[in-house]
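Peer 1:
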Amino acid sequence: MTDHNKQLRQSTLTTVRGNTVTYKELPFFGDCRDVDDFQKLNRVGEGTYGVVYRVKDTRTKQIVALKKIRMERETDGMPISSLREISILKRMRHPNIVNVTDVAVGSKLESIFLVMEYCEQDLGTLLDMVPTPYTTSEVKCLMLQLLRGLEHCHSQSIIHRDLKMSNLLLTSTGLLKIADFGLARTVSLPSKPMTPNVVTLWYRAPELLFGEATYTTAVDLWSAGCILGELMQHRPLLPGNTEQSELNLIVKLLGTPNEHIWPGFSKLPLAKSLILPKQNYNNIKVVFPRYSENTTQLLAGLLTYNPRTRLTVKQALAHPYFTESPRAQDPSMLPTYPEIRNYTEKEISRRAHDDERKKRIVHAGDGIDGDSSHMFGTQYKKRKV
16 MTDHNKQLRQ STLTTVRGNT VTYKELPFFG DCRDVDDFQK LNRVGEGTYG
66 VVYRVKDTRT KQIVALKKIR MERETDGMPI SSLREISILK RMRHPNIVNV
116 TDVAVGSKLE SIFLVMEYCE QDLGTLLDMV PTPYTTSEVK CLMLQLLRGL
166 EHCHSQSIIH RDLKMSNLLL TSTGLLKIAD FGLARTVSLP SKPMTPNVVT
216 LWYRAPELLF GEATYTTAVD LWSAGCILGE LMQHRPLLPG NTEQSELNLI
266 VKLLGTPNEH IWPGFSKLPL AKSLILPKQN YNNIKVVFPR YSENTTQLLA
316 GLLTYNPRTR LTVKQALAHP YFTESPRAQD PSMLPTYPEI RNYTEKEISR
366 RAHDDERKKR IVHAGDGIDG DSSHMFGTQY KKRKV
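For the sequence shown, the numbering used here assigns the number 16 to the initial residue and increments by one for each residue that follows.
Next up, the structure:
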């Protein structure tokens with residue numbers, strides 16, 4: 016190990032925002048790769064705690080992802096959130112969870128990177144930019160993979176706390192991978208208080224919106240329900256702009272919560288301060304009228320107010336939704352798309368210009384050809400959450 020890597024390792028293991036972190040807590044850290052081993056190709060995204068690049072490993076010649084840990088606000092070493100992410104991902108070995116292979120460092124002490132397997136797509140970008148909705152079989156394929164990855168997380172006592180479409184990656188062979196564990200936490204029994212200000216707003220469970228600090232893995236199942244609804248209708252299910260508007264959308268879909276359906280609701284920290292509209296009915300079947308009973312039951316089971324009666328990941332996987340016809344598509348048979356995330360800003364601008372030109376040529380109402388004019392245009396910057 017170089018002197019620089021020894022210095023980095025010592026800094027990382029001893030000073031983390033004033034918290035002492037021992038080597039025993041990070042037995043995986045080992046020798047760090049040099050970031051110069053990787054040739055940067057393009058930026059593909061930004062997670063909760065860092066920017067992600069598509070790079071070429073000059074040693075192996077493989078294309079991998081390099082996530083730069085966000086350090087701007089840190090003066091005393093590596094953020095504890097980043098250490099948690101590394102620790103959690105190094106423990107995870109599952110086909111439906113993104114694999115971290117190495118830690119790399121740059122010339123500066125604060126230049127720290129995670130080396131991860133590269134996935135060609137993320138579901139958020141695909142949903143925004145591809146006009147054709149997923150079929151029922153394809154939705155089942157994606158949900159099965161999501162729930163299997165989530166089952167592995169929960170079996171390790173890990174709450175992801177930021178499940179959303181853009182954190183679900185898709186490989187060219189149809190494998191779904193849960194990514195971005197920057198907000199993930201290990202849960203303990205009894206539950207200890209944690210911040211409720213987690214999970215991107217559109218996917219945030221009602222107990223978090225009402226300020227509950229002793230929540231469980233059930234918050235991930237609510238997010239999974241939002242993802243299922245989004246896949247079904249090909250647009251975000253609950254796209255609120257504020258906590259209040261998010262709650263209003265939830266109430267519009269599920270009805271107004273009360274002590275009968277959610278015992279203990281009135282004692283939640285923000286239950287009395289937030290104003291809820293009066294709505295007596297669950298409207299899931301109204302919003303999704305053409306779907307089977309099993310489909311709407313699974314969605315309702317995931318989108319249940321009371322986290323104690325919300326479906327667990329095991330219950331969701333065993334739901335008859337997955338065994339009724341049509342069955343889940345094989346991942347290898349999922350449709351493939353261009354690697355949209357890899358286009359440069361210049362290419363995106365050019366394609367958007369071309370799309371506008373095509374839109375003037377294609378007559379309105381010409382079906383899928385007309386709709387595809389949005390592929391690189393107005394929908395590109397739609398997903399801002």
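Even glycine gets a Cβ: it sits at the ideal position worked out from N, Cα and C. Fair warning: this is a prediction, and the values are worked out from it, not measured in the lab.
Would you give the residue range spanned by the beta strand (DSSP E) that residue 116 belongs to?
Peer 2: Run containing residue 116: 115-120, per the beta strand (DSSP E) assignment.
Peer 1: Using 7 Å as the threshold, is the C-beta distance between residue 211 and residue 229 below it?
Peer 2: No, the Cβ-Cβ distance between residue 211 and residue 229 is not below 7 Å.
Peer 1: Could you tell me if residue 378 is buried or exposed, where buried requires 16 or more neighbouring beta carbons within 10 angstroms of its beta carbon?
Peer 2: Residue placement at residue 378 is poorly supported in this model, since its pLDDT is 36, which falls under 50; the coordinates still yield a value, given next. Its Cβ having fewer than 16 others within 10 Å, residue 378 is exposed.
Peer 1: Express the C-alpha separation of residue 197 and residue 221 in angstroms, rounding to a whole number.
Peer 2: Their Cα atoms are separated by approximately 21 Å.
Peer 1: Since residue 243 and residue 314 should fall inside the 8 Å C-beta cutoff, what is the C-beta to C-beta distance between them, to a whole number of angstroms?
Peer 2: At roughly 6 Å, the Cβ-Cβ gap stays under 8 Å, so residue 243 and residue 314 are in contact.
Peer 1: Kindly list the residues whose CB is nearer than 8 Å to the CB of residue 346, restricted to its own chain and excluding five residues on each side of it in sequence; keep chain order.
Peer 2: Excluding sequence neighbours, residue 346 sits near 156, 160, 188, 189, 190 and 191.
Peer 1: For residue 249 and residue 215, I'd like the C-alpha separation in whole angstroms.
Peer 2: The alpha-carbon atoms of residue 249 and residue 215 are separated by roughly 18 Å.
Peer 1: Hey, how far is the Cα of residue 113 from the Cα of residue 67?
Peer 2: Looking at the two C-alpha atoms, the distance is approximately 13 Å.
Peer 1: Going by DSSP in three states, residue 128 sits in which element: helix, strand or coil?
Peer 2: Looking at residue 128 - three-state DSSP - the assignment turns out to be strand.
Peer 1: Can you give me the C-alpha to C-alpha distance between residue 34 and residue 98, rounded to a whole angstrom?
Peer 2: Confidence at residue 34 is low in this model, with a pLDDT of 39, below 50, so the placement of that residue should be treated as unreliable; the coordinate-derived value is given next. Cα to Cα, residue 34 sits roughly 11 Å from residue 98.
Peer 1: Restricting to Cα atoms, I'd like to know which of 126, 178, 311 and 307 is closest to residue 48.
Peer 2: Residue 126 is the option with its Cα nearest to residue 48.
Peer 1: Look up residue 99 in the DSSP assignment and say whether it is helix, strand or coil.
Peer 2: Helix, per DSSP.
Peer 1: Hey, how far is the Cα of residue 404 from the Cα of residue 180?
Peer 2: With the chain covering only 16 through 400, there is no way to say anything about residue 404.
Peer 1: What span of residues does the alpha helix (DSSP H) with residue 276 cover, start to end?
Peer 2: No alpha helix (DSSP H) contains residue 276, which DSSP labels as neither H nor E.
Peer 1: Under 8 Å: do the region 293-305 and the region 266-276 share three or more Cβ pairs, one atom per stretch?
Peer 2: They touch, by the three-pair rule.
Peer 1: Check for me: the beta strand (DSSP E) holding residue 184 runs from which residue to which?
Peer 2: That run of the beta strand (DSSP E) goes 183-185.
Peer 1: How big is the Cα-Cα spacing for residue 343 and residue 257?
Peer 2: Distance between the alpha carbons of residue 343 and residue 257 is about 35 Å.
Peer 1: Pop quiz: residue 79 and residue 144 are said to be a contact at Cβ under 8 Å. What is the actual Cβ separation, rounded to whole angstroms?
Peer 2: Wrong, their Cβ atoms sit about 24 Å apart, outside the cutoff.
Peer 1: Which residue or residues does DSSP assign as beta-bridge partners of residue 196?
Peer 2: In DSSP, residue 196 forms no bridge with anything.
Peer 1: Rounded to the nearest angstrom, what separates residue 193 and residue 290 at their Cα positions?
Peer 2: Looking at the two C-alpha atoms, the distance is approximately 35 Å.
Peer 1: Which residue marks the beginning of the beta strand (DSSP E) containing residue 79, and which one marks its end?
Peer 2: Segment 78-84, the beta strand (DSSP E) holding residue 79.
Peer 1: What's the gap between the Cα of residue 331 and the Cα of residue 200?
Peer 2: If I take the Cα positions, the gap works out to 22 Å.
Peer 1: State the Cα-Cα distance for the pair residue 232 and residue 173, rounded to the nearest angstrom.
Peer 2: So the two alpha carbons sit approximately 8 Å from each other.
Peer 1: Three or more C-beta pairs closer than 8 Å, one from the region 99-112 and one from the region 139-154: is that the case here?
Peer 2: No, because fewer than three Cβ pairs between the region 99-112 and the region 139-154 fall closer than 8 Å, the two stretches do not touch.
Peer 1: Please go through the region 223-262 and give each complete alpha helix (DSSP H) segment of 4 or more residues, from N-terminal end onward.
Peer 2: Taking only runs of at least 4 residues, the alpha helix (DSSP H) segments lying wholly in the region 223-262 are 233-248.
Peer 1: Please say whether residue 240 and residue 285 have beta carbons closer to each other than 7 Å?
Peer 2: No. Outside cutoff.
Peer 1: Within 10 Å of its beta-carbon, does residue 76 have 16 or more other beta-carbons around it, so buried, or fewer, so exposed?
Peer 2: Exposed is the call here.
Peer 1: So, for residue 293: in the same chain, excluding its five sequence neighbours on each side, which residues have a beta-carbon less than 7 Å away from its beta-carbon?
Peer 2: Here the set comprises 271.
Peer 1: Whose C-beta lies closer than 7 Å to the C-beta of residue 401 among residues of the same chain, with five residues either side of it excluded?
Peer 2: Given a span of 16 to 400 for the chain in the structure shown, any question on residue 401 remains unanswerable.
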